[in-house]
Amino acid sequence: DLQKLKMAELSAKNQELDGRLATFSSNIAAAEKQLAEQSVRASENSKALNQEFAIKITKMEEDLRELDAQIQEKKRALPAAESELVQVQSSLEKMNNVKKQTEQEWQRIVQAVDLQNKRKAELTAAN
């Protein structure tokens, strides 16, 4: 009788453990399924991000090529601009020299007129 009771207890305990094992197995299967779904989503997100980054990188490369072309164009134009600057500076120097000469000539004319007016005044006073 005691043996049957022990067997019944062991059988009940075994069924309880089987139930817990089934629950654990079910939980593990659900977790594995969820991990698989997350893995698929992560893979899809990764592919989408990679495509987005590839598009952005391509755009940046195009922008860099365009900027490089603009820089090269400006570098090619620089010698001509420098040459033009030298010519403008030379022209300004010439214009300044002409201005100085004109001012000096104007001073000589003013002095000559003043001298003539002085002589005229002296002659008028002498008469």
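The sequence shown begins at 20 in my numbering and counts up by one.
Backbone N, C-alpha and C define an ideal beta-carbon position, used for all residues, glycine too.
**OP:** Report the three-state DSSP secondary structure of ASN146 (helix, strand or coil).
**Re:** The residue you call residue 146 lines up with position 127 of the sequence shown. In the structure shown, ASN146 sits in coil (DSSP, three-state: anything other than H, G, I, E or B).
Original post:
How many angstroms separate the CA atom of VAL132 from the CA atom of THR121?
Top reply: On the sequence shown, residue 132 is found 113 positions in, with the first residue counted as 1. On the sequence shown, residue 121 is found 102 positions in, with the first residue counted as 1. If you take the alpha carbons of VAL132 and THR121, they lie about 16 Å apart.
Original post:
Can you give the Cα-Cα distance for GLU51 and GLN57, rounded to whole angstroms?
Top reply: As a first step, residue 51 is located in the sequence shown; it is residue number 32 there, counting from the start. As a first step, residue 57 is located in the sequence shown; it is residue number 38 there, counting from the start. Approximately 10 Å, taken between the alpha carbons.
Original post:
Using DSSP with H/G/I as helix, E/B as strand and the rest coil, what is ASP174?
Top reply: No statement about residue 174 is possible, as the shown extent of the chain runs from 20 to 146 and does not include it.
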